[in-house]
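Numbering (full-length UniProt numbering), first residue to last: 1 to 287.
First comes the structure, then the notes that go with it.
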Amino acid sequence: MAKVGELFIALSANTTALTKDLKGATRLTKKSAKDMTDIYAALFNMAGKTVELTLNGNPSESGSRKVLVKPIANESALYYYNWVQNNIRIVEEATDGQIGYLHIPDMGRGGLNEFAKYFYPQLMNKKGLIIDDRGNGGGNVSPMIIERLRREIGIAGYQRGIDYGTPKPYGMVMGPKVMLINQEAGSDGDLFPYQFKHYKLGTVIGTRTWGGVVGIRGSLPFIDGGVLTKPEFANTSATESRWVMEGHGVDPDIYIENDPAREYDGIDDQLNKAIEVIMGQLDQYAP
C-alpha cells in the first residue's frame, strides 16, 4: 500500500509520447507545494488548471522530477482512446499487420476529426480496412467519408529506377472493406452504412442500426426549460420512390451480437467476426 504523500500511478498499455517515460511503478510524491495525502481532495476543483506534480520511482524527493499537467473533468475521452487503440492492436496482431481499423464516433466535427486522424495512417502498408460505425451518434458528414471510401484507381504514376507504380488518386482502400454496425448507431450513423451497402463497398457485420433518420431543426424553448423540436428532414431511396430506414435502420449482411459477459471480459465477437471475414476476402482478392 502506498504511504501517506505517495501514490502509485497505474498506466494503460496504450502509452503516448507524453506518457512513454512513466512506468507502472512511478510514484506521485507531491502535488504543487502541498504534500498529498488524498489524491481526490488534492485535485478537487482543479480541472483545466495547471498543476505541478513531483514524480519519482521511489518514495523520496531525491532524484524526483517535476511535471506540469492540466487535470480533466471527465475520463470518457481516455476510455474511448484506449478502446480504439486496443481495437487497432487486436486487428494488427490478428491480421499480421495487413488490415487497418478505424472507429467513427459520430458524423460531426469530432467524428470527422477521428476519421482524418486514423484513415491515412491506417492505410499505410495495409491491404484492407475495417470501418467501425458502432455507437455512431450521427451528424451530417457521412457523404464526405463515403466519397473517400469510394475512390477507385484511375492511373498509376511511375518513376525512373522504381519498378512499381503509385496508384492515383492517393488515399485509396484498394483491398476489401468491412463495416461494423450496431443498434446504437443512428441518424447519419444509419445513413453511413446504408450508403456503404448501396455502393457495394463491402460487407456489413453486426446488429441492425437504430433507424432514426428524420432530422430535426429549430428547437422551440418552453418557460420551464424544456424544448420542442419538429421533424424537418427525411430520406428516400435513390432507386425507389419510398422513404428509407426510419423506424427500421440498416440490416447487416452478417448478423452477430456481442454477448455482454464476453464483452466485459474483453472479447469483441463482432470485431473478431470482421477480422475473420475480411481475411477470407483478402485470400480471394486479386489486386
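Beta carbons: idealized from backbone N, C-alpha and C, even for Gly.
For clarity, every value in this text was computed on a predicted model and none was experimentally measured.
* **Simplified DSSP assignment, three categories, for ASN45** => Along the sequence shown, one-based indexing puts residue 45 at 45. Residue state, collapsed to three classes: coil.
* Between the CA atoms of GLU147 and GLN195 - distance to the nearest angstrom -> One-based indexing of the sequence shown puts residue 195 at position 195. One-based indexing of the sequence shown puts residue 147 at position 147. Approximately 10 Å between the Cα atoms of the pair.
* Of all the beta strand (DSSP E) runs that stay within the bounds of the segment 151-175, which reach a length of 3 or more residues? -> 155-157 and 166-168
* Measure the beta-carbon distance from GLY189 to THR203 and round it to whole angstroms, keeping in mind my assumption that it falls under 8 Å. => For this step, residue 189 is matched to residue 189 along the sequence shown. For this step, residue 203 is matched to residue 203 along the sequence shown. Wrong, their Cβ atoms sit about 18 Å apart, outside the cutoff.
* Examine the Cβ distances between the segment 63-72 and the segment 89-105 and report whether three or more of them are shorter than 8 Å. => no
* Asked: Do MET124 and LEU191 have their C-beta atoms closer together than 9 Å?
  -> Position 124 of the sequence shown holds residue 124. Position 191 of the sequence shown holds residue 191. No, Cβ-Cβ distance for MET124 and LEU191 is not below 9 Å.
* Would you give the residue range spanned by the alpha helix (DSSP H) that MET107 belongs to? => Sequence index remark: in the sequence shown, residue 107 carries index 107 (1-based). Here MET107 belongs to no alpha helix (DSSP H), and DSSP marks it neither H nor E.
* Confirm, please, whether the CB-CB distance from ILE90 to PHE115 is below 9 Å. => Start at 1 with the first residue of the sequence shown, and residue 115 comes out as number 115. Start at 1 with the first residue of the sequence shown, and residue 90 comes out as number 90. Their beta carbons are not under 9 Å apart, which means PHE115 does not touch ILE90 by this criterion.
* To do: Enumerate in chain order the residues of its own chain whose CB-to-CB distance from ALA274 is below 7 Å, with the five nearest sequence positions on each side excluded.
  => Your numbering for residue 274 matches position 274 in the sequence shown. Here the set comprises ILE130, VAL178, LEU180 and ILE205.
* When GLY139, PHE119, PRO105 and PRO71 are compared against MET172, the one with the closest alpha-carbon -> As a first step, residue 172 must be located in the sequence shown, where it is residue number 172. Checking every option, the nearest Cα to that of MET172 belongs to PHE119.
* To do: In angstroms with no decimal places, state the Cα-to-Cα distance between SER241 and LYS200.
  => Against the sequence shown, residue 241 aligns to sequence position 241. Against the sequence shown, residue 200 aligns to sequence position 200. Roughly 20 Å between the two C-alpha positions.
* To do: Note down the Cα distance separating SER32 from ASN113, rounded to an integer number of angstroms.
  => Within the sequence shown, numbered from 1, the residue matching residue 32 stands at position 32. Within the sequence shown, numbered from 1, the residue matching residue 113 stands at position 113. Confidence in SER32 is poor, its pLDDT being 47 and thus under 50, which makes the residue's placement unreliable; the coordinate value appears in the next sentence. Whole-angstrom Cα-Cα distance: 35 Å.
* To do: Under the assumption that LYS127 contacts ILE99 (Cβ atoms under 8 Å), give the Cβ distance between them as a whole number of angstroms.
  => In the sequence shown, residue 127 corresponds to position 127, counting from 1. In the sequence shown, residue 99 corresponds to position 99, counting from 1. So it is a contact: roughly 7 Å between Cβ atoms.
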